[in-house]
Every structure is written in C-alpha cells, then in structure tokens.
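Numbering (this note's numbering), first residue to last: 79 to 609. The beta carbon of each residue, even a glycine, is placed where N, CA and C say it ideally should be. One structure is given below, encoded as structure tokens.
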Ligand code: MSP
C-alpha cells in the first residue's frame, strides 16, 4: 500500500449565491472521510475547501437581496463556513477568492503565464452562460438554451485576453496517457481525452464590463500593490473605465495553490504542492483536467497527482433545483437523523464515482436496517452481555498466538485490509461494505455461539467469544471513525478506551488483541434509536 507521510486534498470552491445543499455537502463529506482516513494512518493532512466569490452569479444574488456585494459575500461565506463547522467537517483551511493571499497569488500566476507568452488579445464572439460561468459553443446548446440551466445564454462579442490552451494539447494527452491514475474514474478520463483531442480551443480569460472580480493585472494596478487592500481593490472594478476582470474560472482554479502559499509563502508551497487529490463533481472535469493542468504547465508548476470526479445525484428521481422546491438542506436532515447517519447514507447509497438518487424513504430504510438493527444492536448486545456475564469488565482471556491465527482473527485482518485498499483507491462505498461485513460477521457469531447457552456450560469459551466481540468492536470503531466520527467516539467511550489510547498508531490499533483485559466498559444509550 502507498506509503506517504502527508496528504493534501481539496474540494471545489463553491459559488455562494445560495446556501449549501446536500449536493455540496456530498463532496465535502467525501473529502472529510478521506482526510480523516489519512490522518488516522498517521499522515499530516491539509484539507482545503472554500468559496468561489468572484462570480456573476454571486453579484446577481447580492443585488436581488438588495445588499452591497462585499457585505453579501461576507455574510454568505460565513454561512458556508458555519455549515461545515456544524456538520463536523475537519477542514484545515477555508479559502475565499476575495482574500488578499488569493489575489496576490493570481497576480503572480498571471505574470508567469504572460512571461511564457501564453496570453494574447483576441475577440470573443459567442455564447456565455452565467449559470455555468462558461463559454458555450453553438453545438453545446439544446433548442438554443444551455442544457444545464435551461436558459438562453448571453451572446457576447468582446475584446478579451486568451490563454493558449491548445499549445498544451499534446503535452496534456501524453501526461494523461503516461499516468493512468491522473484522472479517475477511467470513464471520466475517456471523456476528457476526447474533449482535448477533438473540441479543445484556447479560452478567454477576461471579461469586459464586469461589475465584480479580480482586475486583469496591469503594470498600473500591480505597481500600486492594490492587492494589499483586497476589499477596496475588488470594489474599484466598479469604477474602473475598462472594467476588465479575470474570467472567474481562471481565478478560481488558482485557489488550490494560493491557499498553500503560492506567491506568498514559498516554504509552505513547497511542502504541500503538488496536491495529492482534487475531488470534484463530474460537471467540472473540463476545467480541472484540461484547463488547470495546462495553466500549471504554462506557469512551470507540477501537476496534481490525481483528480477524481464523483457523480451527481437526483432527489427522488428529479434534478435538485430551486424552482422545483426540492433542494435539501443537509443541516435539517442531520438534525433529524444525525450527521453520521447522513454521511453513512450518502457514501453507502451512491457508488463513489457514479450517479445516484437521494430519497428520505431510502435513508430511513437504511437507517433502520443497517444502523439501528445491525450496527447499533451489535454494540448494544455485546456490551449488555459483558455487563451481565463479566460484571462490565473486559474478560481476562489469554490471547495465544494460536488465537491470533484462528479463522475469526484472520477474517478480521482481511476485512481491515479490504477497507484500507478501498479507501486508498477511493472506493468509499466498498470501505463501507467492509465495515458492514464486519458488523454482520459479529452478529452471526453471536447467533452461532449463543453466549446465553455458553454461560451455563462453558464459561471459558464464553470469555473468549465476548473478548473477540469486544475487540472486534474496538477495531470496528477505528474503521468507522473516518466515516462516522461521532459514532466511533461513542463506541470508544462505551468500551472504556482512554483518550490517550485513541491516538494509537494505525498499525497497532487494527491488530487483534488490543483491548486491555479488565477494562471497565460503560454501556450507553442506543447509538441509533429506531425511527
Ligand atoms: N465554483 C465552481 C467550482 C470551482 S473549483 C475551482 C462550482 N461551484 S458549484 O457550487 O456550482 O459546485 C461545486 C460542486 O458541488 C460540484 O462540482 C459538485 O462537486 C457539487 N455538487 C453540486 N450539486 C451536486 C449534486 N446534485 N450531486 C453531487 N454533487 C453536487 O462549480
């Protein structure tokens, strides 16, 4: 298995013209699970998320609410940050593209790309969809409308700056071919390759007459060091004659390096770049797998190690949208079912990388069957039996090397290996499967051994069975922690695992026999009360 000592992971940065919904939470939960898994393995992790603020969508939303743009952005960015906090997301940084560190990085990046001769003036004539924040070709339209937003795009003709994306066509294709892991899953890689080969054109990196955004760096505004006062600087665009700002995607992609110090903190940048994993939705692979790598090549920077695109999900079979009124608030759901149940459900229900559907009926089904009946019940049964037969203490069994090699222990080790492999390969749903398999094998063992009968005839065997179950719960809690951190912590409490023991090295934690004999357990409330 890949041995690393640090791991840098990102989510896309989100437009903040509305509050976070379950779709945005999906990406962030997945990134959180991976960040926690790598931390648990002892790696130093940098988990980045943030907000994409220089978009016309945000400006329109600010106007609609009658607020000053900057005030609106500050309010919304705070809402996004609070949402992730209250959902227990463990991000190490939160970048806003209106921050000085970002604007400074964008200026530096632009300078490098320009020096390379990769920026030229041209005329952009064509369609632009504000919803996608993307230039569209006639072929992209369906009945004259943007297929994603079902709206007529604007027709633009403006003098723009262009980035020489096509100059990097061959280099990009070679890189993708040489590094099969670079774009995952492979179906997305094929899509990207076909785009690069057959459709890719240079893209415009500036917009005229914009009301908001990072001004195209000129010798005048760079010399004035305007970025030292970002608020004032961004607002200045509104008064500037040309009102020429950078295209929001050119600005936004740079967040991945500005957050780790590009152009402002070289030491930090060297430590973290290149990123280990950009996690994105399948809707934005063109930007991440073609634009961004080419931009990095132009600026002379190393490329991301991996870009993984997950699928999209519908809600009760329909696309989630404001107009349909089916937008789901992750906070509301987690209040009713718990954050962990929501995390578990999203990852378990949708094969990571593929599309899926979210429905409350399914959530309740999975909650009652897998979480309440199988996992919750298992923990409850094992602790109740420890209470009853061993006065709430972990039985003092001798774990011989023979016991470690018994089928049960071997099976445990195999499940742990499957889980680890699945996490490393981003098969998050498979990792959940391994957890579930462990739960099921413990429940089956109880049914087979019938501890209540052993209590009458073979106390030694009973002690071994209960110890095996308790230690399986301990190992299970480690596997659960990235996916359901609150539940894992509750299990630790109930098993009497001290805070200091929770920091155990992964290799040690997952070995059978780690639970101290004689530890006092504390049976608690059911983990998942039935709905
Ligand atoms: N701001 C750009 C990203 C810039 S990254 C340099 C953007 N923002 S977004 O807010 O519109 O969407 C961000 C991400 O949210 C999507 O890529 C996707 O990961 C996630 N999702 C939004 N709706 C979703 C679903 N219905 N299902 C799954 N993921 C969804 O694009």
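Of the residues the options, the one placed nearest residue i, counting alpha carbons only
i, options, result
"residue 377", "322, 242, 82", "242"
"residue 287", "260, 595, 323, 271", "323"
"residue 372", "294, 360, 281", "281"
"residue 408", "399, 505, 164", "164"
"residue 82", "250, 117, 126", "117"
"residue 250", "534, 366, 115", "366"
"residue 291", "110, 184, 476", "184"
"residue 239", "517, 247, 196", "196"
"residue 191", "358, 584, 295", "295"
"residue 476", "272, 449, 543, 452", "543"
"residue 606", "98, 385, 450", "450"
"residue 215", "589, 200, 227, 231", "231"
"residue 283", "266, 325, 272, 255", "325"
"residue 591", "204, 177, 389, 488", "488"
"residue 141", "95, 173, 466, 119", "95"
"residue 600", "437, 464, 101", "464"
Rounded distance between the beta-carbons of residue j and residue i, thought under 8 Å
i, j, result
"residue 454", "residue 604", "5 Å"
"residue 520", "residue 461", "With 8 Å as the limit, residue 520 and residue 461 do not qualify as a contact, their Cβ atoms being about 12 Å apart."
"residue 423", "residue 444", "5 Å"
"residue 175", "residue 333", "6 Å"
"residue 596", "residue 471", "6 Å"
"residue 162", "residue 123", "Actually they do not touch by this definition, with Cβ atoms about 16 Å apart."
"residue 125", "residue 169", "5 Å"
"residue 565", "residue 573", "The pair is not a contact, with the Cβ atoms about 13 Å apart (cut-off 8 Å)."
Any non-hydrogen atom of the ligand MSP closer than 7 Å to residue i Cβ
i, result
"residue 376", "no"
"residue 105", "yes"
"residue 101", "yes"
"residue 259", "no"
"residue 331", "yes"
"residue 398", "yes"
"residue 42", "An answer regarding residue 42 cannot be provided, because it is not within the stretch 79 to 609 covered by the chain."
"residue 130", "yes"
"residue 361", "yes"
"residue 91", "yes"
"residue 358", "yes"
"residue 430", "no"
"residue 391", "yes"
First through last residue of the alpha helix (DSSP H) which encompasses residue i
i, result
"residue 253", "247 to 256"
"residue 461", "455 to 468"
"residue 586", "584 to 587"
"residue 572", "563 to 573"
"residue 557", "537 to 558"
"residue 452", "From DSSP, residue 452 is part of no alpha helix (DSSP H); its letter is neither H nor E."
"residue 236", "Segment 232 to 241 is the beta strand (DSSP E) holding residue 236; no alpha helix (DSSP H) there."
"residue 327", "326 to 331"
"residue 347", "344 to 350"
For residue i, the first and last residue of its enclosing beta strand (DSSP E)
i, result
"residue 259", "Run containing residue 259: none; DSSP gives neither H nor E here."
"residue 388", "385 to 388"
"residue 435", "434 to 436"
Would you list, in sequence order, the uninterrupted beta strand (DSSP E) runs of no fewer than 3 residues that lie entirely inside the stretch 354 to 430?
355 to 359, 385 to 388, 391 to 393
Whole beta strand (DSSP E) runs in the stretch 82 to 123 with 3 or more residues, listed along the chain?
84 to 93
Could you name each continuous beta strand (DSSP E) segment of 3 residues or more that falls completely within the stretch 170 to 211, going from the start of the chain to the end?
Fully enclosed beta strand (DSSP E) runs of 3 or longer: 171 to 174, 197 to 207.
Inside the stretch 120 to 159 only - alpha helix (DSSP H) runs reaching at least 4 residues
Counting only runs of 4+ residues, the alpha helix (DSSP H) found wholly inside the stretch 120 to 159 occupies 134 to 142, in chain order.
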